[in-house]
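A.B. asks:
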Amino acid sequence: RKEVEQDPGPFNVPEGATVAFNCTYSNSASQSFFWYRQDCRKEPKLLMSVYSSGNEDGRFTAQLNRASQYISLLIRDSKLSDSATYLCVARVRDDKIIFGKGTRLHILP
Amino acid sequence: DAGITQSPRHKVTETGTPVTLRCHQTENHRYMYWYRQDPGHGLRLIHYSYGVKDTDKGEVSDGYSVSRSKTEDFLLTLESATSSQTSVYFCAISDGLAGSSGANVLTFGAGSRLTVL
Chain A
4 RKEVEQDPGP FNVPEGATVA FNCTYSNSAS QSFFWYRQDC RKEPKLLMSV YSSGNEDGRF
64 TAQLNRASQY ISLLIRDSKL SDSATYLCVA RVRDDKIIFG KGTRLHILP
Chain B
5 DAGITQSPRH KVTETGTPVT LRCHQTENHR YMYWYRQDPG HGLRLIHYSY GVKDTDKGEV
65 SDGYSVSRSK TEDFLLTLES ATSSQTSVYF CAISDGLAGS SGANVLTFGA GSRLTVL
């Protein structure tokens, strides 16, 4: 079983809609969490870190629920350019960083 | 962008041959990682390094070895390549959190596409 689990999708969402992804992690000692974005045939790039208190960056909001061991990403007012694969990431101990399989998002015009 | 380069970017080889992929960084970052990415599996950690000559296994380390003799270079070696090792390999670097010994945000290289026939 992967230490970080995500729904692979794809999520097909009309432009302007709000979409949410969840991700669960199995190691309760995991220390830090991130969302990365990966475009087709490109390297992953950091979208945002996830803080316990929740954090927002423009149209993107990330939440962490340590009690239930899940992370969420909310995208509001989705744009065509948001189409990508979104990767949930956990730092499970000091140096080991594990990725989920990714969730594919297609924004439809 | 962080200075991280992978070589070769593309390689085709035959089963049973040795292959070495190189990751080179100019950022003096402490942490370096090798991942492989395959359809249906996402990114899986192969090996990582937390300093010169300090390495550890990841999720899928069988069939792979690594070496880090200097800060800037992290080598991934397939001693005897198999078709199941056909993949895209990504190297990543991280400098660690301020005030902590832990690794922070990863910056990735552009990837190395390996095909084993």
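For the protein sequence lines, the chains are A and B, in the order given.
For the first sequence, my numbering gives the first residue as 4, with consecutive numbering after it.
For the second sequence, my numbering gives the first residue as 5, with consecutive numbering after it.
Ideal placement from N, C-alpha and C gives every residue a C-beta, glycine not left out.
What does residue 74 of chain A reach in chain B if we use C-beta pairs closer than 7 angstroms?
C.D. replies: Per Cβ cutoff of 7 angstroms: no residues; residue 74 of chain A is ~15 angstroms from chain B at best.
A.B. asks: Going by the beta-carbon positions, is the gap between residue 103 of chain A and residue 46 of chain B smaller than 8 angstroms?
C.D. replies: yes
A.B. asks: Here's the rule I'm using: 16 or more other beta-carbon atoms within 10 Å means buried, otherwise exposed. How should residue 59 of chain A be labelled?
C.D. replies: exposed
A.B. asks: Quick one, are the C-beta atoms of residue 87 of chain A and residue 75 of chain A less than 8 angstroms apart?
C.D. replies: no
A.B. asks: Using C-beta distances below 6 angstroms, list every residue in its chain close to residue 70 of chain B, excluding the 5 sequence neighbours before and after it, in chain order.
C.D. replies: 51, 59, 80
A.B. asks: Indicate the three-state DSSP secondary structure (helix, strand or coil) for residue 157 of chain A in the structure shown.
C.D. replies: Only positions 4 to 112 of chain A appear in the structure, and residue 157 of chain A is not among them; the question remains open.
A.B. asks: Distance check for residue 73 of chain B and residue 83 of chain A, CA to CA, integer angstroms please.
C.D. replies: 45 angstroms
A.B. asks: In terms of alpha-carbon separation, which member of A:15, A:51, A:27 lies closest to residue 5 of chain A?
C.D. replies: A:27
A.B. asks: For residue 16 of chain B, I'd like the list of residues in its chain whose CB is within less than 6 angstroms of its CB, leaving aside the five on either flank, ordered along the chain.
C.D. replies: The residues are 119.
A.B. asks: At which residue ranges does the segment 26 to 114 of chain B contain complete alpha helix (DSSP H) runs of 4 or more residues, listed in the order of the chain?
C.D. replies: none
A.B. asks: Taking only beta carbons into account, state which residues of the segment 66 to 94 of chain B come closer than 9 angstroms to chain A, listed in chain order.
C.D. replies: 92, 94
A.B. asks: In chain order, what residues of the segment 31 to 53 of chain A put their CB closer than 9 angstroms to some CB of chain B?
C.D. replies: 34, 35, 37, 39, 41, 44, 45, 46, 47, 48, 49, 52
A.B. asks: So residue 105 of chain A contacts chain B; which residues on that side make the cut at Cβ distance below 7 angstroms?
C.D. replies: 46
A.B. asks: Any beta-carbon of chain B closer than 8 angstroms to the one on residue 102 of chain A?
C.D. replies: yes
A.B. asks: How should residue 54 of chain A be labelled, buried or exposed, when 16 other C-beta atoms within 10 angstroms of its C-beta is the threshold for buried?
C.D. replies: exposed
A.B. asks: What does the alpha-carbon distance come out to for the pair residue 107 of chain A and residue 110 of chain B?
C.D. replies: 21 angstroms
A.B. asks: Does any CB atom of chain A fall closer than 8 angstroms to the CB of residue 103 of chain B?
C.D. replies: In this prediction, residue 103 of chain B has a pLDDT of 46, which is less than 50 and means its spatial position is unreliable; what the coordinates show is noted afterwards. Taking Cβ atoms only, chain A never reaches closer than 8 angstroms to residue 103 of chain B, which makes this a no.
A.B. asks: Output the distance between the C-alpha atoms of residue 54 of chain B and residue 42 of chain B, rounded to the nearest integer angstrom.
C.D. replies: Between the alpha carbons of residue 54 of chain B and residue 42 of chain B lies a distance of about 25 angstroms.
A.B. asks: Let me make sure I understand the geometry here. Which of B:108, B:115, B:21 has the alpha-carbon closest to that of residue 49 of chain A?
C.D. replies: B:108
A.B. asks: Tell me where the beta strand (DSSP E) around residue 114 of chain A begins and ends.
C.D. replies: Within the shown structure, residues of chain A are numbered from 4 to 112, placing residue 114 of chain A beyond reach of any answer.
A.B. asks: Quick one: what does DSSP say residue 111 of chain A is sitting in, helix, strand or coil?
C.D. replies: strand
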